[in-house]
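**Q** Just so you know, the sequences run in chain order Z and W. Note that the first sequence covers residues 1099 to 1442 in the working numbering. Note that the second sequence covers residues 1099 to 1442 in the working numbering. Here a beta-carbon is modelled for each residue, glycine too, at the ideal position from N, C-alpha and C.
There are 2 protein chains.
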Amino acid sequence: MTTRQSQPGSRSKGRVTLSDVARMSGVSAMTVSRALNEPQRVSEQVRERVEQAIDALGYIPNRAARSLAGNRSHTIAVVIPSVSNAVFNNVIRGIYDVCAPAGYEMLMGNTYYSVQQESSLISKFLTHHPDGMIVTGLDMADSTRRQLEAAAIPLVQIMEVGTSAPLDMSVGISHSDAGAAMARYMLERGYKRIGVLGAQMDYRSQRRIQGFIDVLAEAGLADDKRVLTTAEPSTVRLGGQLLADLLLANPDLDAVFCCNDDLAYGAIYECQRRHIRVPQQLAIAGFNDLEGSACINPSLTSIQTPLYDIGKTAAQMLMRRLAGEVLQQSVVDLGFRLQARDSA
Amino acid sequence: MTTRQSQPGSRSKGRVTLSDVARMSGVSAMTVSRALNEPQRVSEQVRERVEQAIDALGYIPNRAARSLAGNRSHTIAVVIPSVSNAVFNNVIRGIYDVCAPAGYEMLMGNTYYSVQQESSLISKFLTHHPDGMIVTGLDMADSTRRQLEAAAIPLVQIMEVGTSAPLDMSVGISHSDAGAAMARYMLERGYKRIGVLGAQMDYRSQRRIQGFIDVLAEAGLADDKRVLTTAEPSTVRLGGQLLADLLLANPDLDAVFCCNDDLAYGAIYECQRRHIRVPQQLAIAGFNDLEGSACINPSLTSIQTPLYDIGKTAAQMLMRRLAGEVLQQSVVDLGFRLQARDSA
DNA sequence: CTGAAAGCGCTTACAG
DNA sequence: CTGAAAGCGCTTACAG
Chain Z
1099 MTTRQSQPGS RSKGRVTLSD VARMSGVSAM TVSRALNEPQ RVSEQVRERV
1149 EQAIDALGYI PNRAARSLAG NRSHTIAVVI PSVSNAVFNN VIRGIYDVCA
1199 PAGYEMLMGN TYYSVQQESS LISKFLTHHP DGMIVTGLDM ADSTRRQLEA
1249 AAIPLVQIME VGTSAPLDMS VGISHSDAGA AMARYMLERG YKRIGVLGAQ
1299 MDYRSQRRIQ GFIDVLAEAG LADDKRVLTT AEPSTVRLGG QLLADLLLAN
1349 PDLDAVFCCN DDLAYGAIYE CQRRHIRVPQ QLAIAGFNDL EGSACINPSL
1399 TSIQTPLYDI GKTAAQMLMR RLAGEVLQQS VVDLGFRLQA RDSA
Chain W
1099 MTTRQSQPGS RSKGRVTLSD VARMSGVSAM TVSRALNEPQ RVSEQVRERV
1149 EQAIDALGYI PNRAARSLAG NRSHTIAVVI PSVSNAVFNN VIRGIYDVCA
1199 PAGYEMLMGN TYYSVQQESS LISKFLTHHP DGMIVTGLDM ADSTRRQLEA
1249 AAIPLVQIME VGTSAPLDMS VGISHSDAGA AMARYMLERG YKRIGVLGAQ
1299 MDYRSQRRIQ GFIDVLAEAG LADDKRVLTT AEPSTVRLGG QLLADLLLAN
1349 PDLDAVFCCN DDLAYGAIYE CQRRHIRVPQ QLAIAGFNDL EGSACINPSL
1399 TSIQTPLYDI GKTAAQMLMR RLAGEVLQQS VVDLGFRLQA RDSA
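Okay, structure coming up:
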């Protein structure tokens, strides 16, 4: 273990700077800066000399200096509930695939589904003066709302659309519509005693379930006893447990809507263990249509949500605004698709 | 949609700065800075006046200025193959849980399992002058290796340990040992005609499989025909396909090692469809022991890898080094555990 | 416990 | 196409 610490906290030591490159290539710092950022505005010979000097010196530009002088950070802040969630993985990939090629860095943080953690995270991120921000959901603390308004940077609220106006822009789907669509599908298939399983119970899960129940109620088939929810994070294991509990109280159910595919996997596994035939004795449906849902036995009926596209679209909206464009549409509903398979 | 652009690219406009806070609270900028970063070195009255001014003005510190002046960025760069991978999710969570409370920001990027993308990502990250870096694996391009050496920041190479010395520090497990352990387990259980399924085939998958095959070879039970791999990313669907192909060429197999749990899920589902009894007719084992592995039917025998702890330990090693500590141990082997269940 | 001065490494705005 | 000057908003190093 040799010493690799570069004396953090001290004044910089022999770090190669723009001026070093300028000196070596016999031009001004200004010109080196242009050769780097707007190469077409510099003559070819100069550009070549500068490039050689950069290689020879091993020059690495300093983004902090660039941000400070240029008054823009080339950074996008992304606030999501949890990186370790298959749903947000896909969203992040969509954001990343747009931001990275455009030269924007992503600053990412987790709220762990807590409004309070969201607030402190956003405050912290604001100290980076990101050029734009993406946050999850339309609900946030009033103080945070004010901070974001004061920051006056382009902002996209993702995942959800329709429950209230975004602070600036939004892209997502209507979760209550998606829940309602699943309820209608189940009613059409003739199910009568329909249960609901929910975990995490963030705002979007709540709206999913509410949309589902509202349709059942219209059909006179709603029953509070058949709804089982918990604030615990959604896992496969939890799906099995919740189904067991639900069946204990309601042995006569003929269908169950799980507000998440993870839960649905667990519910199907539990049915396998109990030799309950899905969907003949009990139909099961999920939400989000994750990768494994087409492969499980029976294959899972679910709601396909455009996760990757939500991320991609959000990032694109940000990029366009950062390029000075004025967007016609500040709210984008990407829609969902009910994927009917064998389980319901 | 009102104008929220704060004229990026222009000189700053009426942004509240340290000096504004200093003026309002009647102290020097220096003192405000201290009140912010080392509150205990400032008298209580001054601290209070400063805090009031900060609130009144809505002051948000500028990290770019702080980095530039202080010669440290309070940022950790994290380079992983893919955020949308359950394995790395857990690792990231471990890193995050250490870095966030310590006041470090995470800069995260994907290599998509490409050495070339890794190189360009690391170059890009270096322009942020991160205080430390975490990268996946021990293998990297020579040019990147040189760049990292020149940067002279603390570096932890994660996931893998033992194949070669790290550039600076490393934490992970031995993938060939893990593969070998699984092979020994299968031999002990009496399986003779053992197949192998691999996807992605990054260095670590390769070593897993090599370790597995070496043990089979010692027992005189290795057979190239029984090994089926692909560079495609590992998915549940792919697991089913690969198993089908493998059985076509080797109808007599009595066990299959999947170098990933995703593949194993797909393989089990495929067996269910074909009414092949697991493990009686065909044993199946996976790798990584993801959340659902205990719940699937039959429950999956797998290798439990300390993903969260790898992330957490890597971040802790970095934090200690950044605090000036000299670590006794620069290579940490966190070990694995064979989780025997019903499938093999 | 507090402060005046200098400087971090870039880019903007203005010239020519 | 190229450059000299000023400044971005902080912190370091040195005093007192």
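(1) Where alanine 1154 of chain Z and valine 1177 of chain W are concerned, what is the direct C-alpha to C-alpha distance, given to the nearest angstrom?
(2) What number of angstroms, rounded off, separates the C-alpha of proline 1349 of chain Z from the C-alpha of arginine 1371 of chain Z?
(3) Does DSSP classify glutamate 1258 of chain Z as helix, strand or coil?
(4) Please report the straight-line C-alpha distance between asparagine 1188 of chain W and aspartate 1387 of chain W, rounded to a whole angstrom.
(5) Exposed or buried, which one is leucine 1416 of chain Z when buried takes at least 16 other CB atoms within 10 Å?
(6) Which residue marks the beginning of the beta strand (DSSP E) containing leucine 1326 of chain Z, and which one marks its end?
(7) Once the 5 residues before and after serine 1303 of chain W are set aside, which same chain residues still bring their CB inside 6 Å of it?
(8) Hey, is the stretch 1147–1163 of chain Z in contact with the stretch 1179–1187 of chain Z, meaning 3+ C-beta pairs nearer than 8 Å?
(9) Starting from the beta carbon of isoleucine 1501 of chain Z, find every residue of chain W whose beta carbon is closer than 8 Å, and list them in chain order.
(10) Within 9 Å (strictly less), CB to CB, does proline 1106 of chain W reach chain Z?
(11) Please give me, in chain order, every unbroken run of the beta strand (DSSP E) with length at least 3 that falls completely inside the stretch 1298–1362 of chain W.
(12) Nearest CA to the CA of valine 1119 of chain W: which residue from W/Tyr1157, W/Glu1146 and W/Thr1209?
(13) Which residues share a DSSP beta bridge with valine 1429 of chain Z?
(14) Leaving out five residues on either side along the sequence, give the residues of the same chain with a beta carbon under 7 Å from the beta carbon of alanine 1467 of chain Z.
(15) Whole angstroms is fine: what's the gap from threonine 1129 of chain Z's alpha carbon to threonine 1209 of chain W's?
(16) Can you grab the Cα-Cα spacing for the pair arginine 1418 of chain Z / proline 1264 of chain W, in whole Å?
(17) Grab me the residues of serine 1171 of chain Z's own chain with a C-beta within less than 7 Å of its C-beta, minus the 5 sequence neighbours each way, in chain order.
(18) With a 10 Å radius around its C-beta and 16 neighbouring C-beta atoms as the bar for buried, classify alanine 1162 of chain Z as buried or exposed.
(19) For leucine 1205 of chain Z, which of helix, strand or coil comes out of DSSP?
(20) I need the DSSP call for alanine 1443 of chain Z, collapsed to helix, strand or coil.
(21) Establish whether the CB of asparagine 1208 of chain W and some CB of chain Z are separated by less than 9 Å.
(22) Would a check of beta-carbon distances place methionine 1415 of chain Z closer than 9 Å to chain W?
(23) Would you call glutamine 1414 of chain W buried or exposed, if buried means 16 or more other Cβ atoms sit within 10 Å of its Cβ?
(24) Between alanine 1381 of chain W and aspartate 1352 of chain W, which are expected to be in contact by the criterion C-beta below 8 Å, what is the C-beta distance as a whole number of angstroms?
(25) Tell me the DSSP secondary structure of valine 1114 of chain Z in three-state form.
(26) Would glutamate 1203 of chain W count as contacting chain Z if we go by Cβ distances under 9 Å?
(27) For the beta strand (DSSP E) that contains alanine 1175 of chain W, what are its first and last residues?
(28) Could you round the C-beta distance between glutamine 1402 of chain W and arginine 1439 of chain W to whole angstroms and report it? I think they count as a contact, below 8 Å.
(29) Tell me which residues of the stretch 1338–1356 of chain Z have at least one Cβ-Cβ distance to chain W shorter than 7 Å, keeping chain order.
(30) According to the Cβ coordinates, are methionine 1231 of chain Z and valine 1254 of chain Z closer than 9 Å?
(31) Between arginine 1287 of chain W and alanine 1442 of chain W, is the Cβ-Cβ spacing less than 9 Å?
(32) Name, please, each residue of chain W whose Cβ falls closer than 8 Å to the Cβ of asparagine 1395 of chain Z.
(33) Does histidine 1273 of chain W have its Cβ less than 9 Å from a Cβ in chain Z?
(34) CB isoleucine 1256 of chain Z to CB glycine 1270 of chain Z, shorter than 9 Å?
(35) With a threshold of 9 Å between beta carbons, is threonine 1328 of chain Z in contact with chain W?
(36) Only counting the same chain, and skipping five residues up and downstream in sequence, which positions put a Cβ closer than 7 Å to that of aspartate 1360 of chain W?
**A** On the basis of the supplied data:
(1) Position 56 of the first sequence holds residue 1154 of chain Z. Position 79 of the second sequence holds residue 1177 of chain W. So the alpha carbons of these two residues sit roughly 26 Å apart.
(2) Residue 1349 of chain Z sits at position 251 when you count from the first residue of the first sequence. Residue 1371 of chain Z sits at position 273 when you count from the first residue of the first sequence. Going by C-alpha positions, proline 1349 of chain Z is about 16 Å away from arginine 1371 of chain Z.
(3) For the purposes of this step, residue 1258 of chain Z is taken as the residue at position 160 of the first sequence. Look at glutamate 1258 of chain Z here: in three-state DSSP terms it is strand.
(4) By 1-based counting over the second sequence, the position of residue 1188 of chain W is 90. By 1-based counting over the second sequence, the position of residue 1387 of chain W is 289. Cα to Cα, asparagine 1188 of chain W sits roughly 12 Å from aspartate 1387 of chain W.
(5) Here residue 1416 of chain Z corresponds to residue number 318 of the first sequence, with the count starting at 1. Its Cβ being crowded by 16 or more others within 10 Å, leucine 1416 of chain Z is buried.
(6) As a position in the first sequence, residue 1326 of chain Z is number 228, starting the count at 1. Per DSSP, the continuous beta strand (DSSP E) segment holding leucine 1326 of chain Z begins and ends at 1325–1327.
(7) Here residue 1303 of chain W refers to the residue found at position 205 when the second sequence is read from its first residue. Correct list, in chain order: Gly1296 and Cys1357.
(8) Contact annotation: the stretch 1147–1163 of chain Z does not touch the stretch 1179–1187 of chain Z, with fewer than three C-beta pairs closer than 8 Å.
(9) In this structure chain Z extends from 1099 to 1442, so residue 1501 of chain Z is not present and cannot be described.
(10) In the second sequence, counting from the first residue as 1, residue 1106 of chain W sits at position 8. Annotation note: pLDDT 45 at proline 1106 of chain W (below 50); position unreliable, no value reported.
(11) Complete beta strand (DSSP E) runs here, min 3: 1325–1327 and 1353–1356.
(12) Counted from its first residue, the second sequence places residue 1119 of chain W at position 21. Just measuring C-alpha positions, the residue of W/Tyr1157, W/Glu1146 and W/Thr1209 sitting nearest valine 1119 of chain W is W/Tyr1157.
(13) Taking the first sequence and counting its residues from 1, the one referred to as residue 1429 of chain Z is at position 331. Looking at the DSSP assignment, valine 1429 of chain Z forms a beta bridge with Z/Ser1268.
(14) Only positions 1099 to 1442 of chain Z appear in this structure, which leaves residue 1467 of chain Z out of reach.
(15) Here residue 1129 of chain Z is taken as the residue at index 31 of the first sequence, counted from 1. Here residue 1209 of chain W is taken as the residue at index 111 of the second sequence, counted from 1. Distance between the alpha carbons of threonine 1129 of chain Z and threonine 1209 of chain W is about 33 Å.
(16) Taking the first sequence and counting its residues from 1, the one referred to as residue 1418 of chain Z is at position 320. Taking the second sequence and counting its residues from 1, the one referred to as residue 1264 of chain W is at position 166. Between arginine 1418 of chain Z and proline 1264 of chain W, the alpha-carbon positions lie close to 42 Å from each other.
(17) Taking the first sequence and counting its residues from 1, one reaches residue 1171 of chain Z at position 73. In its chain, beyond the 5 residues on either side, Ser1165, His1226, His1227, Pro1228 and Asp1229 have a beta carbon closer than 7 Å to the beta carbon of serine 1171 of chain Z.
(18) Walking along the first sequence from the start, residue 1162 of chain Z turns up at place 64. By the neighbour-count rule (16 or more Cβ atoms within 10 Å), alanine 1162 of chain Z is buried.
(19) For the purposes of this step, residue 1205 of chain Z is identified with residue 107 of the first sequence, where counting begins at 1. Strand at leucine 1205 of chain Z.
(20) Given a span of 1099 to 1442 for chain Z in the structure shown, any question on residue 1443 of chain Z remains unanswerable.
(21) Looking up residue 1208 of chain W in the second sequence gives position 110. Yes, its Cβ sits closer than 9 Å to a Cβ of chain Z.
(22) For this step, residue 1415 of chain Z is matched to residue 317 along the first sequence. Residue contact check for methionine 1415 of chain Z against chain W: no CB pair falls below 9 Å.
(23) Taking the first residue of the second sequence as 1, we reach residue 1414 of chain W at position 316. Here glutamine 1414 of chain W is buried. Its C-beta has 16 or more other C-beta atoms within 10 Å.
(24) Translated into positions along the second sequence, residue 1381 of chain W becomes position 283. Translated into positions along the second sequence, residue 1352 of chain W becomes position 254. Taking the Cβ atoms as the reference, alanine 1381 of chain W lies roughly 7 Å from aspartate 1352 of chain W, within the contact range of under 8 Å.
(25) Taking the first residue of the first sequence as 1, we reach residue 1114 of chain Z at position 16. In this structure, valine 1114 of chain Z counts as coil in the three-state DSSP scheme.
(26) Within the second sequence, numbered from 1, the residue matching residue 1203 of chain W stands at position 105. Chain Z, which has a Cβ nearer than 9 Å to the Cβ of glutamate 1203 of chain W, makes this yes.
(27) As a first step, residue 1175 of chain W is located in the second sequence; it is residue number 77 there, counting from the start. Counting along the chain, the beta strand (DSSP E) containing alanine 1175 of chain W begins and ends at 1173–1178.
(28) Taking the second sequence and counting its residues from 1, one reaches residue 1402 of chain W at position 304. Taking the second sequence and counting its residues from 1, one reaches residue 1439 of chain W at position 341. Glutamine 1402 of chain W to arginine 1439 of chain W, Cβ: 11 Å. No contact.
(29) Answer set for the stretch 1338–1356 of chain Z: Gly1338.
(30) Start at 1 with the first residue of the first sequence, and residue 1231 of chain Z comes out as number 133. Start at 1 with the first residue of the first sequence, and residue 1254 of chain Z comes out as number 156. Yes, these two residues count as a Cβ contact at 9 Å.
(31) Counting from one through the second sequence, the residue named residue 1287 of chain W turns up at place 189. Counting from one through the second sequence, the residue named residue 1442 of chain W turns up at place 344. In contact: arginine 1287 of chain W and alanine 1442 of chain W (Cβ atoms closer than 9 Å).
(32) Numbered from 1 along the first sequence, position 297 holds the residue referred to as residue 1395 of chain Z. Result: Tyr1367, Gln1370 and Arg1371.
(33) Translated into the one-based positions of the second sequence, residue 1273 of chain W becomes position 175. False, the Cβ-Cβ gap to chain Z never drops below 9 Å.
(34) Here residue 1256 of chain Z refers to the residue found at position 158 when the first sequence is read from its first residue. Here residue 1270 of chain Z refers to the residue found at position 172 when the first sequence is read from its first residue. In this structure, glycine 1270 of chain Z lies closer than 9 Å to isoleucine 1256 of chain Z by Cβ.
(35) On the first sequence, residue 1328 of chain Z is found 230 positions in, with the first residue counted as 1. No, threonine 1328 of chain Z does not count as interfacial toward chain W.
(36) In the second sequence, the residue the question calls residue 1360 of chain W occupies position 262. For aspartate 1360 of chain W, same chain residues with a beta-carbon under 7 Å away, outside a window of 5 residues either side, are Ser1332, Thr1333, Val1334 and Gly1337 in chain order.
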